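Chains as they are written, first to last, in the numbering used here: chain A, 388 to 500; chain B, 3 to 114.
Built from N, CA and C at the ideal position, the CB exists for glycine as well.
Note that the structure is predicted; figures quoted are calculated from it, not measured.
First comes the structure, then the notes that go with it.
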């Protein structure tokens with residue numbers, strides 16, 4: 388089985404811009420979760436999608452949003468970028484149905500200048 | 003919400019010795035506890051997990067123990083090798099919840 392993939396791997400954006408990141412889960416997995424990883428705050432949960440519905444949301448401002456498509460691929464969007472949004476954004480794939488194991492993608496490294 | 007604390011933040015061990023990392027959690031409803039290993043520049047990799055109906059689980063050189071009463075769980079690595087050098091994260095979540103709350107991580111260095 389192919390693993391979790393994320394595109395792009397690296398992004399450089401300017402303050403005020405917006406960005407869209409993509410995640411393709413493991414084949415057959417229907418749950419995709421997003422996490423932000425920074426040296427200061429560690430790994431923080433953004434949101435989780437299952438069957439195109441957001442099931443859970445972390446404590447991030449409304450500038451962070453996401454969606455999931457019928458093929459389980461997910462995107463997250465960050466609008467009005469701030470310097471503090473510079474981070475590694477990881478998505479994690481899970482079956483979403485009782486099996487709790489989450490498998491991470493390689494991440495997208497976002498740098499905001 | 004859930005608060006997971008992890009200790010120590012750094013751990014240096016001699017090759018062949020054991021390493022132990024401890025985590026505590028606050029939410030008594032949490033019942034799934036995974037451990038991830040993240041090498042420099044790589045993705046977090048699930049190495050072992052435990053559910054609340056089990057007190058201990060082993061997989062070759064790694065083991066995890068859980069004490070639900072005290073709300074703490076630990077990772078044990080025996081016969082450490084240089085390739086065990088990485089950052090290790092503990093996490094916790096509820097049964098019907100895919101939100102993982104992570105500890106701050108432990109940087110493990112295995113000295114040859």
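Output the distance between the C-alpha atoms of residue 496/A and residue 397/A, rounded to the nearest integer angstrom.
By one-based count along the first chain, residue 496/A stands at place 109. By one-based count along the first chain, residue 397/A stands at place 10. Residue 496/A and residue 397/A: Cα-Cα distance of roughly 5 Å.
Where does the unbroken beta strand (DSSP E) through residue 488/A begin, and where does it stop?
Locating residue 488/A in the first chain gives position 101, where the first residue counts as 1. From DSSP, residue 488/A is part of no beta strand (DSSP E); its letter is neither H nor E.
Just grab the DSSP bridge partners of residue 154/B for me.
The displayed coordinates of chain B run from 3 to 114. Any statement about residue 154/B would go beyond what the structure contains.
Counting only Cβ pairs nearer than 7 Å, list the residues of chain B close to residue 453/A.
In the first chain, counting from the first residue as 1, residue 453/A sits at position 66. Going along chain B, no residue has its Cβ under 7 Å from residue 453/A, so there is no contact; the nearest lies around 14 Å.
Given a threshold of 16 other Cβ atoms within 10 Å of its Cβ, counted over all protein chains shown, does residue 399/A qualify as buried or as exposed?
In the first chain, the residue the question calls residue 399/A occupies position 12. Residue 399/A should be labelled exposed.
Can you tell which of 89/B, 114/B, 102/B, 19/B has the C-alpha that lies nearest to the C-alpha of residue 426/A?
For the purposes of this step, residue 426/A is taken as the residue at position 39 of the first chain. Residue 89/B is the option with its Cα nearest to residue 426/A.
Using the Cβ count rule (16 or more neighbours within 10 Å means buried), how would you classify residue 402/A?
Numbered from 1 along the first chain, position 15 holds the residue referred to as residue 402/A. Exposed.
According to a CB-to-CB cut-off of less than 7 Å, which residues of the region 40-60 of chain B neighbour chain A?
45, 46, 48, 51
In this structure, does DSSP put residue 13/B in helix, strand or coil?
As a position in the second chain, residue 13/B is number 11, starting the count at 1. In this structure, residue 13/B counts as strand in the three-state DSSP scheme.
By Cβ distance below 6 Å, which residues in the same chain neighbour residue 443/A in space, the five residues on each side in sequence not counted?
Here residue 443/A refers to the residue found at position 56 of the first chain. Counting only Cβ-Cβ distances below 6 Å, and skipping sequence neighbours, we find 435.
Going by DSSP, what residue range makes up the beta strand (DSSP E) through residue 71/B?
If you number the second chain from 1, residue 71/B lands on position 69. Taken as a continuous stretch (DSSP letters only), residue 71/B belongs to no beta strand (DSSP E), as it is neither H nor E.
Taking beta-carbon pairs under 8 Å, can you tell me which members of the region 426-445 of chain A lie near chain B?
429, 430, 431, 432, 435, 437, 442, 443, 445
Rounded to whole angstroms, what's the CA-CA distance from residue 8/B to residue 94/B? Just pull it up for me.
Within the second chain, the letter at position 6 stands for residue 8/B. Within the second chain, the letter at position 92 stands for residue 94/B. Taking the straight line from one Cα to the other gives about 12 Å.
What's the gap between the Cα of residue 468/A and the Cα of residue 37/B?
Within the first chain, the letter at position 81 stands for residue 468/A. Within the second chain, the letter at position 35 stands for residue 37/B. Roughly 32 Å separates the two Cα atoms.
Give the DSSP-derived three-state secondary structure of residue 29/B in the structure shown.
To locate residue 29/B, count along the second chain from 1; it is residue 27. Here residue 29/B sits in coil by DSSP.
With a threshold of 6 Å on Cβ separation, who are the neighbours of residue 97/B within its own chain once the five nearest residues in sequence on each side are excluded?
What you label residue 97/B is simply residue 95 of the second chain in a count that begins at 1. The residues are 33.
Sort out for me which residues DSSP pairs residue 413/A with in a bridge.
Locating residue 413/A in the first chain gives position 26, counting from the first residue. Answer is none; residue 413/A lacks a bridge partner.
From the DSSP output, read off the bridge partner residues of residue 393/A.
Locating residue 393/A in the first chain gives position 6, where the first residue counts as 1. BP columns for residue 393/A point to 410/A.
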